[in-house]
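Residue numbers (the UniProt record's numbering): 1 to 193.
Since the structure comes first, as structure tokens, the remarks are kept for the end.
Next up, the structure:
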């Protein structure tokens, strides 16, 4: 029985697949592209990727190769955010960033935080309403009668902030801004792909 670990040496004659993966990566006219390497457990997918990465480093030293093991993050609520943060961390670690790139990176992290706060705000809004409606004093009008204007004002403020924070337009704008700033970050580094 062989050890089940990836290899940088092609023992199973899959170099042609690694070459095809690299061809797609290096051919600008085919980008952007999503490449899937499929196979049964133990069939050599990780070895193909390892061989491909080794060759890609030799062919394009300005390519940023990021290894991400999704199994380590299984169960995380938002895997997309985890992957994006991992990518930003890799850019920061592997490339010497100038001040402009560092500022853009900081803005990207803030933008990502804003995008991720929207579900949190939604949950918090409904939790606050639930707490208010189950509060024992809420069933005693004499206790809240004098506070009714304050409560109404508070609820309207929370409602307005909730609507503003969770509007589709705001989400689209944040995502659009993130994409634009990410492109700027790549342009300020020497990353080619």
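Just so you know, even glycine gets a beta-carbon here, dropped at the ideal spot from N, CA and C.
{"Item": "Are the beta-carbon atoms of residue 52 and residue 22 separated by less than 8 Å?", "Value": "yes"}
{"Item": "Name the two residues that bound the continuous alpha helix (DSSP H) containing residue 21.", "Value": "15-26"}
{"Item": "Taking the C-alpha atoms as reference points, what is the distance between residue 49 and residue 193?", "Value": "16 Å"}
{"Item": "In whole angstroms, what separates the C-alpha of residue 67 from that of residue 12?", "Value": "22 Å"}
{"Item": "Do residue 114 and residue 169 have their beta-carbon atoms positioned less than 8 Å apart in this structure?", "Value": "no"}
{"Item": "Taking 8 Å as the threshold (C-beta atoms), are residue 181 and residue 107 in contact?", "Value": "yes"}
{"Item": "Short check: CB of residue 85 to CB of residue 56, under 8 Å?", "Value": "no"}
{"Item": "Taking residue 168 as part of the alpha helix (DSSP H), name the residues at either end of that continuous run.", "Value": "168-188"}
{"Item": "Specify, as a first and last residue, the run of the alpha helix (DSSP H) that residue 50 falls within.", "Value": "45-59"}
{"Item": "So is residue 70 buried or exposed if we call it buried at 16+ other beta carbons inside 10 Å?", "Value": "exposed"}
{"Item": "Taking the Cβ atom as the reference point for each residue, do residue 26 and residue 59 lie within a distance shorter than 8 Å?", "Value": "yes"}
{"Item": "On the premise that residue 96 lies in contact with residue 64, defined as a C-beta separation below 8 Å, what is that separation, rounded to the nearest angstrom?", "Value": "About 13 Å separates the two Cβ atoms, so there is no contact after all."}
{"Item": "Does DSSP put residue 73 in a helix, in a strand, or in coil?", "Value": "helix"}
{"Item": "When burial is assigned at 16 or more other CB atoms within 10 Å of the CB, is residue 105 buried or exposed?", "Value": "buried"}
{"Item": "Assuming the contact rule is C-beta atoms closer than 8 Å, residue 62 and residue 187 should be a hit. Round their C-beta distance to whole Å, please.", "Value": "Their Cβ separation, rounded to whole angstroms, is 13 Å, which puts residue 62 and residue 187 out of contact at 8 Å."}
{"Item": "Among the candidates 24, 40, 41 and 43, whose CA atom is the shortest distance from the CA of residue 34?", "Value": "24"}
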